[in-house]
Amino acid sequence: LQPLIRGNDDSDGFVYHCGRALARIQSQKPSELRHVSDIDHRRVVHSVEDYLRWIAPELHLLAHQVAQLLNSRLPVQAHLVASHGDFYSKQILSGPDRSVVLDFDSCGYIHPAFDIGTFLGHLYYDQIRGHLSETNRISAAELLADGYRSTNKSVSDSEINIFTALALFRLSPHPFRFRVNDWFEQTKSLLSFALGLLQSEPSISSSVKQEYFASQTFKDTSTEYFQTSDPLSFLLNTDSEHLKSTVIKE
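In terms of our numbering, the sequence shown opens at residue 16 and continues consecutively.
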């Protein structure tokens, strides 16, 4: 699907049906999948912030602000659903007759907005790398959400914004890791866009935050975390056979 979106081809129908397929994936109830809670997401946020402090100390204040807002806005004790775990356009194989979702090795029970946010975060990452226009990014984001909500209307715009910001934060070290020439500017752009999304969303109550942080002990896991190719693979070790490739459009 990625070349279709980037190339401004007639991808509208495919993107819409991707949203519908995602909702169908999340309606399944496979056993033996790991559960990824808000606590796990906050551990990832902490690891990313530590890593950014090391590679880009000039961006530490910005990264810290985004991390603090994520910690205050991520839903607590949310309903979890069977999720792909790394859902974006490159994971979707499009053909003339049908398209399928690939690569379920990061699947788990996760907040339903996580997969949507991951898809939207990658769209913005494509935009700042010059692979996608802003118009195409916004159109693809709206089509995916519309397709998803044609089957499942339980995810709010606020939740999508928060998990898109989480995806952007998780992606922010990638320009450095892949040795992009303007990695600093790309990292700053990802963080700034995440900050803008989060500043418009309400935080969870201070009592919930205090209870959460009182119960958690974080360590510097930045080195261990970034030995993996994807943030969730640091948390998940699941059997991908529980979720089969899902047909999007026949």
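We put the beta carbon where it would ideally sit given N, CA and C, even for glycine.
Point to revise | Inter-residue Cα distance where the pair is Ser46 and Phe29 | key: As a working mapping, residue 46 is identified with position 31 in the sequence shown. As a working mapping, residue 29 is identified with position 14 in the sequence shown. Whole-angstrom Cα-Cα distance: 29 Å.
Exercise for review: Mind checking which residues open and close the alpha helix (DSSP H) that includes Leu108?
Suggested key: Residue mapping note: residue 108 aligns to position 93 of the sequence shown, counting from 1. Counting along the chain, Leu108 falls outside any alpha helix (DSSP H), though it belongs to the beta strand (DSSP E) covering Ile107 to Ser109.
Exercise for review: Give me whichever residues DSSP pairs with Gly123 in a beta bridge.
Suggested key: Residue 123 sits at position 108 when you count from the first residue of the sequence shown. According to DSSP, Gly123 bridges with Ser98.
Check your understanding: In whole angstroms, what separates the C-alpha of Lys44 from that of Asp101?
Key -> Start at 1 with the first residue of the sequence shown, and residue 44 comes out as number 29. Start at 1 with the first residue of the sequence shown, and residue 101 comes out as number 86. Lys44 and Asp101: Cα-Cα distance of roughly 18 Å.
Review point. What whole-angstrom Cβ distance do His137 and Tyr103 have, given they're in contact under 8 Å?
Key: Position 122 of the sequence shown holds residue 137. Position 88 of the sequence shown holds residue 103. Correct: roughly 4 Å between the Cβ atoms.
Practice item. Following the continuous beta strand (DSSP E) through Ser52, name the residue where it begins and the one where it ends. Key: Your numbering for residue 52 matches position 37 in the sequence shown. Taken as a continuous stretch (DSSP letters only), Ser52 belongs to no beta strand (DSSP E), as it is neither H nor E.
Exercise for review: Quick one: give me the first and last residue of the beta strand (DSSP E) that Ser114 is part of.
Suggested key: On the sequence shown, position 99 is the one that residue 114 refers to. Boundaries of the beta strand (DSSP E) harbouring Ser114: Ser114 to Val116, taken from the DSSP string.
Practice item. Could you pull the start and end residues of the alpha helix (DSSP H) that Gly145 belongs to? Key: Looking up residue 145 in the sequence shown gives position 130. Careful: Gly145 lies outside any alpha helix (DSSP H) and carries neither H nor E.
**Study point:** Contact under 8 Å by Cβ, Leu95 with His126
**Key:** The residue labelled residue 95 in the question sits at position 80 within the sequence shown. The residue labelled residue 126 in the question sits at position 111 within the sequence shown. Taking 8 Å as the Cβ cut-off, Leu95 and His126 qualify as a contacting pair.
Review point. Out of curiosity, what's the CA-to-CA distance linking Tyr66 and Pro188?
Key: Along the sequence shown, read from residue 1 onward, the residue named residue 66 stands at position 51. Along the sequence shown, read from residue 1 onward, the residue named residue 188 stands at position 173. Between the alpha carbons of Tyr66 and Pro188 lies a gap of roughly 8 Å.
Check your understanding: Going by C-alpha distance, which of Asp120, Gly123 and Arg39 is nearest Asn167?
Key -> Against the sequence shown, residue 167 aligns to sequence position 152. Nearest neighbour of Asn167 by Cα position, chosen from Asp120, Gly123 and Arg39, turns out to be Arg39.
Review point. Quick one, are the C-beta atoms of Leu77 and Lys203 less than 8 Å apart?
Key: Along the sequence shown, read from residue 1 onward, the residue named residue 77 stands at position 62. Along the sequence shown, read from residue 1 onward, the residue named residue 203 stands at position 188. Result yes, Cβ atoms of Leu77 and Lys203 sit closer than 8 Å.
**Study point:** Contacts around Leu85, its chain only, beta-carbon distance under 7 Å, and the 5 residues preceding and following it disregarded
**Key:** What you label residue 85 is simply residue 70 of the sequence shown in a count that begins at 1. Only Val60, Ala180, Leu181, Phe184 and Leu213 meet the Cβ criterion.
Check your understanding: For Ser207 versus Arg88, is the C-beta distance shorter than 8 Å?
Key -> Stepping through the sequence shown from its first residue, residue 207 is reached at position 192. Stepping through the sequence shown from its first residue, residue 88 is reached at position 73. In this structure, Ser207 lies away from Arg88, with their beta-carbon atoms at least 8 Å apart.
Check your understanding: In angstroms, rounded to a whole number, what distance separates the CA positions of Gln201 and Ile143?
Key -> As a position in the sequence shown, residue 201 is number 186, starting the count at 1. As a position in the sequence shown, residue 143 is number 128, starting the count at 1. Gln201 and Ile143: Cα-Cα distance of roughly 7 Å.
Practice item. Mind listing, in chain order, the continuous alpha helix (DSSP H) runs of no fewer than 4 residues lying wholly within the region 36-96? Key: 53-70 and 75-88
Exercise for review: For the alpha helix (DSSP H) holding Pro190, just list the boundary residues, first then last.
Suggested key: On the sequence shown, residue 190 is found 175 positions in, with the first residue counted as 1. Taken as a continuous stretch (DSSP letters only), the alpha helix (DSSP H) holding Pro190 covers His189 to Arg192.
Point to revise | Nearest neighbour of Val195, chosen from Tyr140, Leu74 and Leu108 [CA to CA] | key: Position 180 of the sequence shown, counted from the first residue, corresponds to residue 195. If we check each option's Cα against that of Val195, Tyr140 comes out closest.
Point to revise | Helix, strand or coil at Asp130 [DSSP, three-state] | key: Taking the sequence shown and counting its residues from 1, the one referred to as residue 130 is at position 115. Reduced to three states, the DSSP call for Asp130 is helix.
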